[in-house]
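K.L.:
As you go down the protein sequences, you meet chains A and B in turn. Using the working numbering, the first residue of the first sequence is number 890, and each one after it goes up by one. Using the working numbering, the first residue of the second sequence is number 2, and each one after it goes up by one. Positions of the beta carbon are idealized from the N, C-alpha and C atoms, including for glycine. Bear in mind the structure is a predicted one, so any value in this text is a computation, not a measurement.
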Amino acid sequence: MRRALPYLLSLPALLVCIGILIPFFTAVYYSLLRFRLNLPAMKGFIWFDNYINFLSDAAFWNTVKISLVYAGLTVGVELLLGLGIALLLQKPTRFNNIASILLLLPLMTAPALAALMWKLMTNPNFGILSYFVSLLGFHDFKWASDPSTALFTVTLVDVWVYTPFIMILLLAGLRSLPKAPFEAAALDGVPRSFVFFRITLPMLLPYIITASLFRLLDSIQQFDIVYSMTQGGPGDRLMVFQVQSYLEFFQYTNVGRSAALLIVLWAITYLLSNIFIKQWLKLRERAHGGA
Amino acid sequence: MDHTSTLEQVIRGVLITCVLVFFLFPIFWIVLMSFQTNETILRIPPSIVFEPTLSNYSALITGRLESAAGNLDIAFMKNLWNSFFLSASSVLIALVLGIPAAYAFARFRFRLGEDIAFTLLSFRFAPPLLVLLPLSLYFKQLGLTNTYIGLIWVYQLICLPLILWIVRGYFEDISPDIEHAYRISGNSWLKTFWKIAVPLAKPGIAAAGLLAFIFAWNNFVFALILASADKQPVTVGALAFVTASGIQYGQIAAAIVLSIAPTLALALYAQRYLVEGLSLGAVKG
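#1: Given that a residue counts as buried once 16 or more other Cβ atoms are within 10 Å of its Cβ, and exposed if not, what is K1167/A?
#2: I want to see whether chain A comes within less than 9 Å of D114/B, judged by CB atoms only; does it?
#3: Taking a contact to mean a Cβ-Cβ separation below 9 Å, would you say I1097/A touches L972/A in this structure?
#4: Inspect the CB distances between the segment 49 to 62 of chain B and the segment 239 to 259 of chain B and report whether three or more fall short of 8 Å.
#5: Determine the extent of the alpha helix (DSSP H) in which Y250/B is found, giving its start and end residues.
#6: For F85/B, report the span of its alpha helix (DSSP H) as first-last.
#7: Apart from the five residues on each side of it in sequence, which residues of its chain come closer than 8 Å, Cβ to Cβ, to T963/A?
#8: Roughly how many angstroms separate the alpha carbons of P101/B and L957/A, rounded to a whole number?
#9: Give the DSSP bridge partners of L922/A, in chain order.
#10: Using the Cα positions of I197/B and R184/B, report the straight-line distance between them to the nearest angstrom.
#11: Taking Cβ positions, are I226/B and Q157/B nearer each other than 9 Å?
#12: Is the beta carbon of L1161/A sitting closer than 9 Å to the one on F126/B?
#13: From the DSSP output, read off the bridge partner residues of D178/B.
#14: Out of P128/B, S35/B and T38/B, state which residue places its alpha-carbon closest to the alpha-carbon of P912/A.
#15: Helix, strand or coil for G286/B, going by three-state DSSP, please let me know.
#16: Could you round the C-beta distance between L96/B and I206/B to whole angstroms and report it? I think they count as a contact, below 8 Å.
#17: Only counting runs of 4 or more residues, tell me where the alpha helix (DSSP H) segments fall wholly within the segment 1003 to 1041 of chain A, in order along the chain.
#18: Report the residues of the segment 1106 to 1117 of chain A with a CB closer than 7 Å to any CB of chain B, ordered along the chain.
#19: Hey, does G908/A have any beta-carbon neighbour from chain B nearer than 9 Å?
#20: Pull the bridge partners of R1126/A from the DSSP assignment, please.
#21: Would a check of beta-carbon distances place Y104/B closer than 9 Å to chain A?
#22: Comparing the C-beta of S123/B with each C-beta of chain A, is any distance below 9 Å?
#23: What residue does the alpha helix (DSSP H) around G120/B start on, and which one ends it?
#24: At the 9 Å Cβ level, is A988/A part of the contact set with chain B, yes or no?
#25: Assign D946/A to one of three DSSP states: helix, strand, or coil.
#26: Distance check for W190/B and W936/A, CA to CA, integer angstroms please.
#27: Counting only the same chain and skipping the five closest in sequence on each side, list residues whose C-beta sits under 6 Å from that of Q37/B.
#28: Under 8 Å Cβ-Cβ, which residues of chain B neighbour S1082/A?
#29: Taking the straight line between their C-alpha atoms, what separation do you get for I1088/A and A1073/A?
#30: I need the straight-line Cα distance from L1076/A to P1070/A, nearest angstrom please.
#31: Could you give the distance in angstroms between the alpha-carbon of A271/B and the alpha-carbon of C160/B?
#32: For A217/B, which of V199/B, R108/B and L152/B has the nearest alpha-carbon?
#33: Could you give the DSSP three-state label for N985/A: helix, strand or coil?
#34: What span of residues does the alpha helix (DSSP H) with Q10/B cover, start to end?
#35: Is it the case that the Cβ atoms of I257/B and S35/B are separated by a distance below 9 Å?
#36: Starting from the beta carbon of I197/B, find every residue of chain A whose beta carbon is closer than 7 Å, and list them in chain order.
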């Protein structure tokens, strides 16, 4: 009984693991099939043909490109903004603390609903943002429905929702840095820019890497915001991985191709997440060990 | 750095104000819209001066929208209830199942525990559709599509790993000595767990439960794929709501306000736990 106890207690967690792994391996299997829901007779094992077809498929490369651009752009902007805001709010005054709590609100808004909020604000008829840009002289600014500004608009929503995530991690990091090097630098009259680039930034780097990898992993598979805003459009302008595979599955009922797309995405996130988990465990060790 | 000049303080103040405006204005504006009729919403230039009306909220609550195009029945309150019911029951089940497992992971070093923890962590970052699309076909065969049971089951994929990781960290921080002492005086394992370990880890359990609730509530893609209109939570329901014809903009805004208010209120209430929970405990605040 004593020996069986830990296994008994972790049974539910084990079941969840199995509940994840079975669909996962099913997806791997589907990705090797010619499998269309509307043409069941055609179903058959075709090895890696779905993947091989990707190589010469412009839509696939468009998806890869858009997903990478989206992830790079959103995380880049969020990192710069998040770092800037964290530095602004670094001193633990009452005002700064209240501000940092209020900044959590976008992060706690469901991304799908945040997209709807921005859709209302960018509506060409009455959207407040459409009005603001018309004051600046852009009278026909179409936001998410224009191919040339769709990426910008969706990035704006992503930045609104997720910058607070990076900000809050970096703020926790900044406030946990040891005081001694900063006091020594202040005593010696070292210029502030030097302190920032030679002391603050290097010491904050593990936090920056953790936060960016975390966001990068989520952003490359963004679905909620893009789907709610434009469903991948206009045209295929925002056809990121998960939106593309969702449409492939439900609109074109091409299960094999949809699964193969998701496996490609999974491979990318798997590589990234291995780097991330190592980094994260290191940081966790330090946070626990240092205390 | 106490020698900050007045100029620097002014610049800081201006920058922080800009940041706050950017991040809070959308919420403020949608709340304002929710108290307006189409007439005042469509005014140009827009103005924050208007006669507030509760008609949008009352239309949502009664489920009858009266418009020029005729009357329209909508089930928004049903969506709101679905969100609440799905999130609350998923978190409750995840707590009952997850706390003992988290305890086992923290107290016993065993191979399976490490494997489970690692699998859950690595799938935290896998694309959700990878699991959901095959699952949708299985659910059809099992008759679980569009059932609360099926949805609560898949919501465990969000709630349980979160609870496991956060609560495990809390159990690890409690010294096992107290439990040993209690065991030695003749108490059973179960009693030790229930009377000593769980009360000590209470803040962690509360944090994990609140966060799991927020994440379950905010989830979109699970119910988009596995539920139809009558079982959908607000995140999915609101999307269909926007594209329905004859709906007034103020009503959409009111629906959004009602949908985000619970998580925002919880977040403000539980803010000191958020940092840790969000980072899976990577950064101890």
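P.N.:
On the basis of the data shown:
#1: To locate residue 1167/A, count along the first sequence from 1; it is residue 278. Exposed, since its Cβ has fewer than 16 Cβ neighbours within 10 Å.
#2: For the purposes of this step, residue 114/B is taken as residue 113 along the second sequence, with counting starting at 1. What sits at residue 114/B in the sequence shown is Gly, not Asp. Judged by the 9 Å Cβ criterion, G114/B is in contact with chain A.
#3: Walking along the first sequence from the start, residue 1097/A turns up at place 208. Walking along the first sequence from the start, residue 972/A turns up at place 83. Yes; because the gap between Cβ atoms is below 9 Å, this pair is in contact.
#4: yes
#5: As a first step, residue 250/B is located in the second sequence; it is residue number 249 there, counting from the start. Segment Y250 to Y270, the alpha helix (DSSP H) holding Y250/B.
#6: Against the second sequence, residue 85/B aligns to sequence position 84. Segment F77 to R108, the alpha helix (DSSP H) holding F85/B.
#7: Sequence index remark: in the first sequence, residue 963/A carries index 74 (1-based). Within the same chain, T963/A has close Cβ partners T1044, D1047, V1048, Y1051, R1104, S1108 and Q1111.
#8: Residue numbering aside, residue 101/B sits at position 100 when the second sequence is read from its first letter. Residue numbering aside, residue 957/A sits at position 68 when the first sequence is read from its first letter. Rounded to whole angstroms, P101/B to L957/A spans 40 Å at the Cα level.
#9: In the first sequence, the residue the question calls residue 922/A occupies position 33. The partner list for L922/A (beta bridge, DSSP) reads F934/A.
#10: Within the second sequence, the letter at position 196 stands for residue 197/B. Within the second sequence, the letter at position 183 stands for residue 184/B. Answer to the nearest angstrom: the Cα atoms are 10 Å apart.
#11: Locating residue 226/B in the second sequence gives position 225, where the first residue counts as 1. Locating residue 157/B in the second sequence gives position 156, where the first residue counts as 1. No. Outside cutoff.
#12: Numbered from 1 along the first sequence, position 272 holds the residue referred to as residue 1161/A. Numbered from 1 along the second sequence, position 125 holds the residue referred to as residue 126/B. Their beta carbons are under 9 Å apart, which means L1161/A touches F126/B by this criterion.
#13: Translated into the one-based positions of the second sequence, residue 178/B becomes position 177. According to DSSP, D178/B bridges with nothing at all.
#14: Counting from one through the first sequence, the residue named residue 912/A turns up at place 23. Cα-wise, what sits closest to P912/A is P128/B.
#15: For this step, residue 286/B is matched to residue 285 along the second sequence. Caution is warranted here: a pLDDT of 33 is assigned to G286/B, below 50, making its placement in the model unreliable, and the coordinate value is therefore given only provisionally. DSSP places G286/B in coil when its eight states are reduced to three.
#16: In the second sequence, the residue the question calls residue 96/B occupies position 95. In the second sequence, the residue the question calls residue 206/B occupies position 205. Indeed, because the Cβ distance is near 7 Å, the residues count as touching under 8 Å.
#17: 1017 to 1024
#18: L1106, Q1110, F1112, D1113 and S1117
#19: Position 19 of the first sequence, counted from the start, is the residue given in the question as residue 908/A. Chain B, which has a Cβ nearer than 9 Å to the Cβ of G908/A, makes this yes.
#20: As a first step, residue 1126/A must be located in the first sequence, where it is residue number 237. Its beta-bridge partners do not exist; DSSP assigns none.
#21: On the second sequence, residue 104/B is found 103 positions in, with the first residue counted as 1. By this cut-off, Y104/B is an interface position.
#22: The sequence position of residue 123/B within the second sequence is 122, counting from 1. Closer than 9 Å to some Cβ of chain A, the Cβ of S123/B qualifies, so yes.
#23: Within the second sequence, residue 120/B is the residue found at index 119, counting from 1. Going by the sequence as given, residue 120/B is Thr instead of Gly. First-last of the alpha helix (DSSP H) with T120/B: R112 to F124.
#24: Counting from 1 along the first sequence, the entry for residue 988/A is found at position 99. Yes, its Cβ sits closer than 9 Å to a Cβ of chain B.
#25: Taking the first residue of the first sequence as position 1, residue 946/A is located at position 57. It is coil, neither helix nor strand.
#26: Start at 1 with the first residue of the first sequence, and residue 936/A comes out as number 47. Start at 1 with the first residue of the second sequence, and residue 190/B comes out as number 189. Each residue's Cα considered, the two are about 52 Å apart.
#27: As a working note, residue 37/B is residue 36 in the second sequence. Cβ within range, chain order: F51 and G251.
#28: Reading the first sequence from its first residue, position 193 is the one you call residue 1082/A. The premise fails here: S1082/A is roughly 13 Å from chain B at the closest Cβ pair, so nothing lies under 8 Å.
#29: Taking the first residue of the first sequence as position 1, residue 1088/A is located at position 199. Taking the first residue of the first sequence as position 1, residue 1073/A is located at position 184. When rounded, the distance between both Cα atoms is 11 Å.
#30: Numbered from 1 along the first sequence, position 187 holds the residue referred to as residue 1076/A. Numbered from 1 along the first sequence, position 181 holds the residue referred to as residue 1070/A. Using only the alpha carbons, I get a separation of about 10 Å.
#31: Position 270 of the second sequence, counting from 1, holds the residue named residue 271/B. Position 159 of the second sequence, counting from 1, holds the residue named residue 160/B. Near 17 Å, if we compare the C-alpha coordinates of C160/B and A271/B.
#32: Translated into the one-based positions of the second sequence, residue 217/B becomes position 216. Comparing Cα positions, the closest option is L152/B.
#33: Within the first sequence, numbered from 1, the residue matching residue 985/A stands at position 96. Looking at N985/A - three-state DSSP - the assignment turns out to be helix.
#34: Numbered from its first residue, the second sequence carries residue 10/B at position 9. Note, Q10/B: alpha helix (DSSP H), T7 to S35.
#35: Working through the second sequence from its first residue, we reach residue 257/B at position 256. Working through the second sequence from its first residue, we reach residue 35/B at position 34. In contact: I257/B and S35/B (Cβ atoms closer than 9 Å).
#36: By one-based count along the second sequence, residue 197/B stands at place 196. Neighbours of I197/B on chain A: none; closest Cβ ~16 Å, over 7 Å.
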